[in-house]
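*Asks:*
Chains as they are written, first to last, in our numbering: chain A, 14 to 443; chain B, 4 to 271.
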């Protein structure tokens, strides 16, 4: 049998895409060879969250690959690269509640009582007759404010200490009223259910060692008022559980909660995660595909999933972004004109989104979007225009947005294919 | 995106407009060949190897093509071939999160009738997987803080599908130690920088075995530099050998925090 010589044995990377980044590779070198440039520059953001829900150490400029439960079955089934905007955790000593500036009524919590899930935990004893609070001051703006905390049931001789624990992440001292109040109800098996009596719980997920991570948003605050956080309000709201563990308290002057920033004797800040790759393919009919998990509820400011061209929006550039408060997916090109196409999958915090932007051969753009593997929605082509001869800069930027609106998104896949390719075929992994 | 029968590259074949009429070899434990010898005075052959050569897996997926016309038949068959441009990731409804990787070998097309009387044909797609194992579609992530020993997920079949990131800053050399369930060291990788150390804001990605993104056995710095030369000349990349139930590998590194992505392997 004759064989047709097709060239040397191919042993290098193979991809049919112009660009392909997969978070599961744990590398910022794309499968198509482009080397990503990444920066964050803080030393306090917790790192990788692994499949067991264990936080990695806070290390500067290390990309944060996280395992996420995408279908709510308790199994962290997807690996994604987390990119987030700049933020500040307004809570000092957020893992050491037994330390000033926390103040106490009743029993002072014990610092470092437990090491679990990569964090140091405080033990709250006599919790139902004690309180722990910290003044966090004023906010720059009004609106709902993001909070998060981590909590675990305390064991006793028969199982776990049961009852209710009250945590008030945002409390308006001026008006003496809670803007966020969470009741954690501990069952005999150590499981905890969460009820928000004020504000909204955005997510409550298991982390390592039977602990939980709770993220939420307060009701609208009056920015100029002085606010506080209660890590325990057994005195005021009347908790019934006598003991529990908690750590990682966080309040941010923004609407959506981001990942944990560990603080000591001052507030802790994080610069935005930035990541861009070289992208030398010239403008042509092409399809870009982004898949990942949304970490926003408020899309004001049009944060971008992806932008091909100069960071900052100089034309010509082609980008896929979200818009408005309702979670639309847009594809847009700026060249001789600015034209866009949109669909409305109605994405929210925790949803898996597939966003596709298509640059057609006539210079128009189309879009497709899919939420949680459901129906694929497609948007019609925009007006045609001349195809650009070159991008404003040969880069592909993730997590960027106009006007400082940085996307908070856990990227699983970013793929760019030549030609017009339907969304379902962009799911192909090679 | 629910798999009803078979998915190719993560896309159910039904979503590709294909109908499956037959499948074989998808659940085979493929043939093992042992070294044997005839011993004097013995009966028959004696196996003299502990291990075995294990054959690859060849999927046979038969699709019924029912075109509207002969021209449509031509178009449908051309589209079918176009579904297999390179590496194919095959999964089935039996275990939707396990995938086997292969390449198109052939697509014999046969007609059950007179070929030019009716357009109906069967297309038998043969996909050869040189490695017969299925792997986790999504990797298991494990954090290993510096100076701690952390268990890796147990894999039912031998696997080298480990991606290890070494997070700076580190001291030199970087020593990764693999131990078994008794705590005994079974393998180590020593990475020595010719000068200086791996600084903060840098990291290494070690690919112990072939996956779909990188050649096997590479060490890549965060700026894309190949650092294979850092590995000790007498050392090799980690392999988690199948040793039966109860086998438990753990990994540690005193000099740096590690993050491991591991795809467990399965024989069927």
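The C-beta atom is built at its ideal place from N, Cα and C for all residues, glycine as well.
Which residues share a DSSP beta bridge with residue 211 of chain A?
*Replies:* Residue mapping note: residue 211 of chain A aligns to position 198 of the first chain, counting from 1. Paired residues: A:194.
*Asks:* In whole angstroms, what separates the C-alpha of residue 258 of chain B from that of residue 231 of chain B?
*Replies:* Here the question's residue 258 of chain B lines up with position 255 in the second chain. Here the question's residue 231 of chain B lines up with position 228 in the second chain. Their backbone Cα atoms lie some 19 Å apart in a straight line.
*Asks:* Tell me whether residue 164 of chain B is buried or exposed, calling it buried when 16 or more other Cβ atoms sit within 10 Å of its Cβ.
*Replies:* If you number the second chain from 1, residue 164 of chain B lands on position 161. Buried: at least 16 other Cβ atoms inside 10 Å.
*Asks:* Is the beta carbon of residue 132 of chain B sitting closer than 9 Å to the one on residue 249 of chain B?
*Replies:* As a first step, residue 132 of chain B must be located in the second chain, where it is residue number 129. As a first step, residue 249 of chain B must be located in the second chain, where it is residue number 246. No, they are not a contact pair.
*Asks:* Which of the three DSSP states is assigned to residue 335 of chain A in this structure?
*Replies:* Numbered from its first residue, the first chain carries residue 335 of chain A at position 322. In this structure, residue 335 of chain A counts as strand in the three-state DSSP scheme.
*Asks:* Output needed for residue 393 of chain A: all residues of its chain with C-beta closer than 8 Å, excluding positions within five of it in sequence on either side, in chain order.
*Replies:* One-based indexing of the first chain puts residue 393 of chain A at position 380. Around residue 393 of chain A: 354 and 379.
*Asks:* Any Cβ of chain B within less than 9 Å of the Cβ of residue 440 of chain A?
*Replies:* Residue numbering aside, residue 440 of chain A sits at position 427 when the first chain is read from its first letter. So, interface residue.
*Asks:* Are the beta-carbon atoms of residue 259 of chain A and residue 178 of chain A separated by less than 9 Å?
*Replies:* Locating residue 259 of chain A in the first chain gives position 246, counting from the first residue. Locating residue 178 of chain A in the first chain gives position 165, counting from the first residue. Taking 9 Å as the Cβ cut-off, residue 259 of chain A and residue 178 of chain A qualify as a contacting pair.
*Asks:* Ignore the nearest five residues each way along the sequence and tell me which others in residue 435 of chain A's own chain have a CB closer than 7 Å to its CB.
*Replies:* As a first step, residue 435 of chain A is located in the first chain; it is residue number 422 there, counting from the start. Here the set comprises nothing.
*Asks:* Please list, in chain order, the residues of the region 31-44 of chain A that have any C-beta partner in chain B closer than 7 Å.
*Replies:* So the list reads 35, 37, 38, 39, 40, 41, 42 and 44, given in the order they occur along the chain.
*Asks:* Taking the C-alpha atoms as reference points, what is the distance between residue 313 of chain A and residue 337 of chain A?
*Replies:* The count along the first chain starts at 1 and reaches residue 313 of chain A at position 300. The count along the first chain starts at 1 and reaches residue 337 of chain A at position 324. When rounded, the distance between both Cα atoms is 5 Å.
*Asks:* Roughly how many angstroms lie between the CA atoms of residue 229 of chain B and residue 273 of chain A, to the nearest whole one?
*Replies:* Numbered from its first residue, the second chain carries residue 229 of chain B at position 226. Numbered from its first residue, the first chain carries residue 273 of chain A at position 260. Cα-Cα distance, rounded: 33 Å.
*Asks:* Is the region 287-306 of chain A touching the region 359-378 of chain A in the sense that three or more CB pairs, one from each, lie closer than 8 Å?
*Replies:* With a cut-off of 8 Å, the region 287-306 of chain A and the region 359-378 of chain A count as touching, because enough Cβ pairs lie within range.
*Asks:* Alpha carbon to alpha carbon, what distance is there between residue 424 of chain A and residue 34 of chain A?
*Replies:* To locate residue 34 of chain A, count along the first chain from 1; it is residue 21. To locate residue 424 of chain A, count along the first chain from 1; it is residue 411. When rounded, the distance between both Cα atoms is 9 Å.
*Asks:* Can the beta-carbon of residue 167 of chain A be found closer than 9 Å to that of residue 257 of chain A?
*Replies:* Here the question's residue 167 of chain A lines up with position 154 in the first chain. Here the question's residue 257 of chain A lines up with position 244 in the first chain. In this structure, residue 257 of chain A lies closer than 9 Å to residue 167 of chain A by Cβ.
*Asks:* Beta carbons nearer than 8 Å to chain A: which residues of the region 142-155 of chain B have them?
*Replies:* Hits within the stretch, in order: 142, 143, 144, 145, 146, 148 and 149.
*Asks:* Taking the CB atoms as reference points, tell me whether residue 172 of chain B and residue 193 of chain B lie closer together than 9 Å.
*Replies:* The residue given as residue 172 of chain B occupies position 169 in the second chain. The residue given as residue 193 of chain B occupies position 190 in the second chain. Cβ atoms of residue 172 of chain B and residue 193 of chain B: not closer than 9 Å.
*Asks:* Inspect the beta-carbon positions of residue 22 of chain B and residue 67 of chain B and report whether they are closer than 9 Å.
*Replies:* For the purposes of this step, residue 22 of chain B is identified with residue 19 of the second chain, where counting begins at 1. For the purposes of this step, residue 67 of chain B is identified with residue 64 of the second chain, where counting begins at 1. Going by C-beta atoms, residue 22 of chain B is nearer than 9 Å to residue 67 of chain B.
*Asks:* Below 8 Å, can you find three or more Cβ-Cβ pairs linking the region 262-277 of chain A to the region 321-332 of chain A?
*Replies:* The region 262-277 of chain A vs the region 321-332 of chain A: no contact.
*Asks:* Using a C-beta cutoff of 9 Å, does residue 207 of chain A count as contacting chain B?
*Replies:* Here residue 207 of chain A refers to the residue found at position 194 when the first chain is read from its first residue. Residue 207 of chain A does not count as touching chain B.
*Asks:* Count the other CB atoms, across all protein chains shown, that sit within 10 Å of the CB of residue 69 of chain B; report buried if there are 16 or more and exposed otherwise.
*Replies:* The count along the second chain starts at 1 and reaches residue 69 of chain B at position 66. Residue 69 of chain B should be labelled exposed.
*Asks:* How many angstroms separate the CA atom of residue 23 of chain A from the CA atom of residue 104 of chain B?
*Replies:* Against the first chain, residue 23 of chain A aligns to sequence position 10. Against the second chain, residue 104 of chain B aligns to sequence position 101. At residue 23 of chain A the pLDDT is 46, less than 50, meaning the model places this residue with poor confidence; the figure from the coordinates comes in the next sentence. The alpha-carbon atoms of residue 23 of chain A and residue 104 of chain B are separated by roughly 16 Å.
*Asks:* Does DSSP put residue 229 of chain A in a helix, in a strand, or in coil?
*Replies:* Translated into the one-based positions of the first chain, residue 229 of chain A becomes position 216. Correct three-state label for residue 229 of chain A: strand.
*Asks:* From which residue to which residue does the beta strand (DSSP E) around residue 241 of chain A run?
*Replies:* The count along the first chain starts at 1 and reaches residue 241 of chain A at position 228. Element bounds for residue 241 of chain A: 240-246.
*Asks:* Are the C-beta atoms of residue 23 of chain B and some chain A residue less than 9 Å apart?
*Replies:* Counted from its first residue, the second chain places residue 23 of chain B at position 20. Judged by the 9 Å Cβ criterion, residue 23 of chain B is not in contact with chain A.
*Asks:* Mapping DSSP to helix, strand and coil, what is residue 428 of chain A?
*Replies:* One-based indexing of the first chain puts residue 428 of chain A at position 415. DSSP places residue 428 of chain A in strand when its eight states are reduced to three.
*Asks:* My guess is that residue 352 of chain A and residue 395 of chain A are in contact by the Cβ rule of under 8 Å, so how many angstroms apart are they, rounded?
*Replies:* Working through the first chain from its first residue, we reach residue 352 of chain A at position 339. Working through the first chain from its first residue, we reach residue 395 of chain A at position 382. Confirmed, Cβ separation roughly 4 Å.
*Asks:* If you measure beta-carbon to beta-carbon, which residues of the region 166-191 of chain B are closer than 9 Å to chain A?
*Replies:* Listed by position along the chain: 166, 167, 168, 170, 171 and 172.
*Asks:* With the cut-off set at 9 Å, would you say residue 98 of chain A and residue 271 of chain A are in Cβ contact?
*Replies:* Position 85 of the first chain, counted from the first residue, corresponds to residue 98 of chain A. Position 258 of the first chain, counted from the first residue, corresponds to residue 271 of chain A. Closer than 9 Å, so yes.
*Asks:* Hey, quick one: how far does the alpha helix (DSSP H) through residue 76 of chain B stretch, first residue to last?
*Replies:* Taking the first residue of the second chain as position 1, residue 76 of chain B is located at position 73. That run of the alpha helix (DSSP H) goes 73-85.
*Asks:* Could you spell out the range, first to last residue, of the beta strand (DSSP E) harbouring residue 309 of chain A?
*Replies:* Taking the first residue of the first chain as position 1, residue 309 of chain A is located at position 296. Per DSSP, residue 309 of chain A belongs to no beta strand (DSSP E) and is neither H nor E.
*Asks:* Tell me, please, which residues DSSP counts as bridged to residue 128 of chain A.
*Replies:* Translated into the one-based positions of the first chain, residue 128 of chain A becomes position 115. Note: residue 128 of chain A sits in a beta bridge opposite A:133.
*Asks:* Is the beta carbon of residue 291 of chain A closer than 9 Å to that of residue 401 of chain A?
*Replies:* Indexing the first chain from 1 puts residue 401 of chain A at position 388. Indexing the first chain from 1 puts residue 291 of chain A at position 278. No, the pair does not count as a contact, with Cβ atoms beyond the cut-off.
*Asks:* Looking at C-alpha atoms only, which residue of B:245, B:85, B:45 and B:234 is the closest neighbour of residue 176 of chain B?
*Replies:* As a position in the second chain, residue 176 of chain B is number 173, starting the count at 1. Comparing Cα-Cα distances from residue 176 of chain B to each of B:245, B:85, B:45 and B:234, the minimum goes to B:234.
*Asks:* Contact defined as beta carbons within less than 8 Å: I believe residue 68 of chain A pairs with residue 131 of chain A. What is the distance between those atoms, to the nearest angstrom?
*Replies:* The residue given as residue 68 of chain A occupies position 55 in the first chain. The residue given as residue 131 of chain A occupies position 118 in the first chain. Right, the Cβ-Cβ distance comes to about 4 Å (below 8 Å), so this counts as a contact.
*Asks:* Just to make sure I have the definition right: I need the residues of chain A whose C-beta is within less than 8 Å of the C-beta of residue 260 of chain B. Which are they?
*Replies:* Against the second chain, residue 260 of chain B aligns to sequence position 257. The answer, in chain order, is 60, 69, 70 and 72.
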